[in-house]
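Everything below concerns the one structure shown next.
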Amino acid sequence: MSRTISKILLGIGAWVGVLIGYLAIQMTTPSPEKTAAKCGENMKKVAQSLEKYKQEKNGYPMRLGQLGSDLPTCPFNGEQYSYGYAGGSSSGLASSFTISCATAHKLEVGSTSRP
Ligand SMILES: [Zn+2]
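Sequential numbering of the sequence shown, starting at 299, is according to the numbering used here.
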């Protein structure tokens, strides 16, 4: 009789363990929605840096690297955002830009002023 009870308790204990493990993974792994929101925030930060660059130099850079090396990246894979620009190749400054997270989130942020 007591052996049956201890077997049942052991079974319950195992399931509780599995459940706790599952919940721990759920809590430590950010949801895709949260990662996408963070990605959007990071892109806005890069866009703000680009707008600041424009205020100082009167145009956008032609490479993201011209802003410095510690730019926010996509939180999903840590990849730097793709940078596209238009206009002004002779001056070394662009007149508009787009930043996109092409791999995970398909998000895009563009310049406030367009040519
Ligand atoms: Zn992303």
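The C-beta atom is built at its ideal place from N, Cα and C for all residues, glycine as well. All figures in this text were calculated on a predicted structure; none of them were measured in a lab.
Bridge-paired residues (DSSP) for residue i
{"i": "F395", "result": "Y383"}
{"i": "G408", "result": "T396"}
{"i": "Y358", "result": "A392"}
Helix, strand or coil at residue i according to DSSP, with G and I counted as helix
{"i": "E339", "result": "helix"}
{"i": "E331", "result": "helix"}
{"i": "E349", "result": "helix"}
{"i": "Q364", "result": "helix"}
Distance CB(residue i)-CB(residue j) smaller than 8 Å
{"i": "A384", "j": "S394", "result": "yes"}
{"i": "A392", "j": "M360", "result": "yes"}
{"i": "K336", "j": "P373", "result": "yes"}
Run of the alpha helix (DSSP H) containing residue i, from where it starts to where it stops
{"i": "M325", "result": "S300 to T326"}
Chain D contact for residue i (CB, 8 Å cutoff)
{"i": "V314", "result": "This model lacks chain D altogether, as it is built from one protein chain only."}
Residue i Cβ short of 7 Å to ligand 2 heavy atom set
{"i": "A402", "result": "Ligands present in the displayed structure are limited to ligand 1, and ligand 2 is not among them."}
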